[in-house]
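Engineer:
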Amino acid sequence: PNGVPQGGASTPRRGEYPKEGREPFQGLFKASSRPRDISAPKSVPSKEGKEISTRGNYEKLKFKSGLEIHQQLDTHKLFCNCPSILRKDEPDFEVERKLHAVAGESGEVDVAAQYQAGLEKTFIYQRHKENSCLVELDEEPPHEINKEALKIALQVALLLNCKIQPITQIMRKTVIDGSNTSGFQRTVLIARDGYVETSQGRVGIDTICLEEDSARKVNTPSGVHQGGAST
1 PNGVPQGGAS
11 TPRRGEYPKE
21 GREPFQGLFK
31 ASSRPRDISA
41 PKSVPSKEGK
51 EISTRGNYEK
61 LKFKSGLEIH
71 QQLDTHKLFC
81 NCPSILRKDE
91 PDFEVERKLH
101 AVAGESGEVD
111 VAAQYQAGLE
121 KTFIYQRHKE
131 NSCLVELDEE
141 PPHEINKEAL
151 KIALQVALLL
161 NCKIQPITQI
171 MRKTVIDGSN
181 TSGFQRTVLI
191 ARDGYVETSQ
201 GRVGIDTICL
211 EEDSARKVNT
221 PSGVHQGGAS
231 T
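Note that the UniProt record's numbering numbers the sequence shown so that position 89 is 89, with each residue one more than the last.
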């Protein structure tokens, strides 16, 4: 099956703590304030040496958690004109591939990529002629970014009061766990520093990104990881 271009996520902005006397996030986590099965300690020591309960006291702990929200877009693929259709019927053909870790811009190989490379897995990708081309096999340069997907990402950014980036650059993130056929995932930073008003106060939005979706895993035979084609 083939993946779908995926709109990036909104994330609470780093460094934003509720001001004194104003608790915009209070009450949002009532349903999950008591973990069902968790091995975390029931209390932690404070700077003064006193024990602070970890249950329901995120404010005392100065705990802050962000959310990364993904939304698939109903468009063609992000860097070619193939339709984004997930299929479960028999593929027209399959491609067998091994992915290798290489150094990034820093000159170093990512630790997670090194680990995946050490597993020496073989990936088999299923392809259909109607919704797959050479771009996702990394045998043809990517086409111009899908304008409909870009427009949707910009609209979402404006709705969330974000600052649109004056220049967008397509970044490549090394991913060799088989979920991306080319060995990397393309991501575009669209906007930053937004917010959304809620009944509990303003929630900051760190970034809005537009990126390729990962391949769907079909099955995992003994010694083989088999997945679908992405982009």
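For each residue, glycine too, the CB sits at the ideal point set by N, CA and C. From a predicted model like this one, the values you see are computed outputs, not experimental measurements.
Look at the alpha carbon of serine 132 and the alpha carbon of cysteine 82, and state the distance between them as a whole number of angstroms.
Structural biologist: Near 6 Å, if we compare the C-alpha coordinates of cysteine 82 and serine 132.
Engineer: Excluding sequence positions up to five away, which residues of its chain have a Cβ less than 8 Å from the Cβ of asparagine 161?
Structural biologist: Around asparagine 161: Gly194, Tyr195, Val196 and Ile205.
Engineer: Going by beta-carbon coordinates alone, are alanine 117 and histidine 100 separated by less than 7 Å?
Structural biologist: Their beta carbons are under 7 Å apart, which means alanine 117 touches histidine 100 by this criterion.
Engineer: Is glutamine 165 close to chain D, meaning its C-beta is less than 7 Å from at least one C-beta of that chain?
Structural biologist: No chain D is part of this structure, which consists of one protein chain only.
Engineer: Nearest-angstrom Cα distance between phenylalanine 79 and leucine 67?
Structural biologist: Whole-angstrom Cα-Cα distance: 27 Å.
Engineer: Taking the alpha carbon of glutamate 212 as the point to measure from, which residue in Arg192, Lys121 and Arg172 has its own alpha carbon closest?
Structural biologist: Among Arg192, Lys121 and Arg172, the Cα nearest to that of glutamate 212 belongs to Arg172.
Engineer: Should glycine 88 be labelled buried (16 or more other beta-carbon atoms within 10 Å of its own) or exposed?
Structural biologist: Residue identity differs from the one stated: residue 88 is lysine in this sequence, not glycine. It is exposed - the Cβ of lysine 88 has fewer than 16 other Cβ atoms within 10 Å.
Engineer: So is aspartate 92 buried or exposed if we call it buried at 16+ other beta carbons inside 10 Å?
Structural biologist: Burial call: exposed.
Engineer: Taking the alpha-carbon of phenylalanine 184 as reference, which of Arg192, Gln155, Ile190 and Ile170 has the nearest alpha-carbon?
Structural biologist: Cα-wise, what sits closest to phenylalanine 184 is Ile170.
Engineer: Measure the alpha-carbon distance for alanine 153 versus leucine 210 and round it to whole angstroms.
Structural biologist: If I take the Cα positions, the gap works out to 7 Å.
Engineer: Taking alanine 117 as part of the beta strand (DSSP E), name the residues at either end of that continuous run.
Structural biologist: From DSSP, alanine 117 is part of no beta strand (DSSP E) but of the alpha helix (DSSP H) over 111-118.
Engineer: Here's the rule: buried if 16 or more other CB atoms are within 10 angstroms of the residue's CB, otherwise exposed. What is alanine 103?
Structural biologist: Alanine 103 should be labelled exposed.
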